[in-house]
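Protein chains in written order, with our numbering: chain A, 1 to 243; chain B, 244 to 486. Accompanying notes for the structure given below.
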DNA sequence: TCGCGGGATATGGTCTGACCTCTGCGCTAG
DNA sequence: CTAGCGCAGAGGTCAGACCATATCCCGCGA
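Structural data, given as structure tokens:
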């Protein structure tokens, strides 16, 4: 006879040592005791304090390091050791790239998400971009205009343009997500470019669209910028996948 | 006298063993050789094949596991071992939660990003949600209506509502990002709720807004849904932070 | 023939202890 | 005063043993 309200002897969740360490470090961060730039105790000390092996501590550090939360440096003195870091961008890009490759996020969903974010980036850039931001965007177009540099170079220049807009938006989180999505698509776009017949014409069209988008941002015309951003991405996507 | 075009003896980037292993696994994923559900070789075998220690392999596995790309299970047989997984949500949530706590993403930026994403989620849900999706959203409101369950219970119910909309959008990536942002704010929202004087009235208002939003989604009125989503989030945000 | 018990086996999980590499700082010899 | 050496402390790596767990499978008994 079992009582449904009694907890029943379910198995206790098996918690691995390194997860406890991760949790301990996260708690320090959540409570505000650890801030960006602060050092962690040496691995050996942390291991003895938490009563786990050094290997367990190291695995935990690796997990957080992979998330861009920690950074480890060898050596001696004040610059050596493990520190709390602020490197979300690379981590977010790797994350997205892998999950896109695994098709955990369907390709069409990624494109739609990219449109949503870049529309917003363009709008925010049109509203908030300062002189420096606009100059940075324009700078990317000067190299991007030279299409004959090769597929890879153009791909990099295009990425730089979209990244510059995202960074000019003034919203770090939106920018990071925008960048991560563009970068996660980079390999795929490069292949599509290489397979594209008469790609120089396509690049000329895309470059023209870039100029129009930049113009809208400079005019602080948020609605136009939003619309141009979406049209540009949809156009490029259609051209490259139908080839 | 140095020649600027000569490569110059820059330091070779020190590559750590586990990073090589991560790279090796990523390459397999990028090339399509490893897909979701596929098993990795046993740690010991991978270690000897890549000529690193088992500790190095384990650290690499931990990194990818932390990103939701791998999943490890002990035991023997077909179900045991390390596998490629598809668990991006928890990983993305942890990632955001930590970086928000570290203020790598300013709070205002997170709110704006949330508005952008939830506007889109609501729009997509209004356009694409099927019967099951709408039923799932409504189900979360039935518990959410009962405000006297406590702060934590209401917070969970509110999260569930927004998550259900995101999932009804049909876009997995947008949904994941939406959920991750809402969850990363959960702790902060809970504290604000607890400090709020006369929170039951506030909850009643929020619940009313939820009903209106659901109504717009059911009517497939995308514009209204988008607008209601933004107003709801801005309202709640203003109420909770000004308290 | 069927059922079941228990050992063999394979896998990840953990720990220990050693050693290497790197780098700052201080001491010492010139 | 300075150049150089070496110590100390940090992360990086490794080897090996042992533990915990889950499946497989074989053999025994009903």
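The C-beta atom is built at its ideal place from N, Cα and C for all residues, glycine as well.
Residue nearest to residue 174(A) within the set 116(A), 133(A), 132(A) and 210(A) is 116(A) (criterion: CA-CA distance). Against chain B, the CB of residue 66(A) has a partner CB under 8 angstroms away; the residue lies at that interface. DSSP places residue 105(A) outside both helix and strand once states are collapsed to three, so it counts as coil.
Within the segment 95–125 of chain A, the residues whose Cβ lies closer than 7 angstroms to any Cβ of chain B are, in chain order, 95, 98, 99, 101, 102, 104, 105, 106, 109, 110, 112, 113, 116 and 120. Contact annotation: residue 455(B) and residue 445(B) have beta-carbon atoms that are not nearer than 8 angstroms. Proximity of chain B to residue 63(A) at the Cβ level (cut-off 7 angstroms) is accounted for by 305, 306 and 309, in chain order. With fewer than 16 other Cβ atoms inside 10 Å of its own Cβ, residue 191(A) counts as exposed. Contact between the segment 306–316 of chain B and the segment 135–144 of chain A is not established, with fewer than three Cβ pairs separated by less than 8 angstroms. With a threshold of 8 angstroms between beta carbons, residue 29(A) makes contact with chain B. DSSP, read as helix, strand or coil, puts residue 315(B) in strand. Take residue 52(A), set aside five residues on each side of it, and the residues of its chain with a beta-carbon closer than 8 angstroms to its own are 17, 18, 20 and 21, in chain order.
When C-alpha distances from residue 273(B) are compared across 135(A), 178(A), 100(A) and 140(A), the shortest belongs to 100(A). DSSP places residue 383(B) within a helical segment (H, G or I) once states are collapsed to three. Using a CB distance cut-off of 8 angstroms, residue 191(A) does not count as an interface residue toward chain B.
At least one beta carbon of chain B lies nearer than 8 angstroms to the beta carbon of residue 18(A). Judged by beta-carbon spacing, residue 397(B) lies beyond the 8 angstroms limit of residue 428(B), meaning their Cβ atoms are not closer than that value. In this structure, residue 105(A) keeps its C-beta atom at 8 angstroms or more from the C-beta atom of residue 362(B). Beyond the five residues adjoining it in sequence on each side, residue 58(A) comes within less than 7 angstroms, by CB distance, of 43 in the same chain, given in chain order. For the pair of segments examined, the segment 335–342 of chain B was found to touch the segment 76–93 of chain A: the number of CB pairs separated by less than 8 angstroms reaches three. Under the DSSP assignment, residue 309(B) falls in the alpha helix (DSSP H) whose first and last residues are 297–309.
Residue 32(A) has no beta-bridge partner at all, per DSSP. In summary, the residues of the segment 399–417 of chain B whose CB is separated from some CB of chain A by less than 7 angstroms are 414, 415, 416 and 417, in the order they occur in the chain. Less than 8 angstroms separates the beta-carbon of residue 181(A) from that of residue 114(A).
Residues 214 of the same chain have their beta carbon placed closer than 8 angstroms to that of residue 138(A), with the five preceding and five following residues left out of the count.
Beta-bridge partners of residue 39(A) (DSSP): 83(A).
Within its own chain, the residues whose Cβ lies closer than 6 angstroms to the Cβ of residue 128(A), once the five positions on either side in sequence are excluded, are 170, listed in chain order. Secondary structure of residue 169(A) (DSSP, three-state): coil. Neighbours of residue 88(A) across chain B, judged by C-beta separation under 7 angstroms: 342 and 347. In the three-state reduction of the DSSP assignment, residue 221(A) falls in the coil class, being assigned neither a helical nor a strand state. Excluding sequence positions up to five before and after residue 80(A), its CB lies within less than 7 angstroms of the CB of 73 and 74, all in the same chain and listed in chain order.
A Cβ-Cβ distance of about 25 angstroms is found for the pair residue 136(A) and residue 187(A), leaving them out of contact under the 8 angstroms criterion. For residue 36(A), the closest Cβ of chain B is nearer than 8 angstroms. Distance from the Cα of residue 131(A) is smallest, within the candidate group 77(A), 157(A), 64(A) and 220(A), for 220(A).
DSSP places residue 50(A) within a helical segment (H, G or I) once states are collapsed to three. Rounded to whole angstroms, the separation of the alpha carbons of residue 365(B) and residue 325(B) is 37 angstroms.
For residue 58(A), the nearest CB of chain B lies under 8 angstroms from its own CB, placing it at the interface with that chain.
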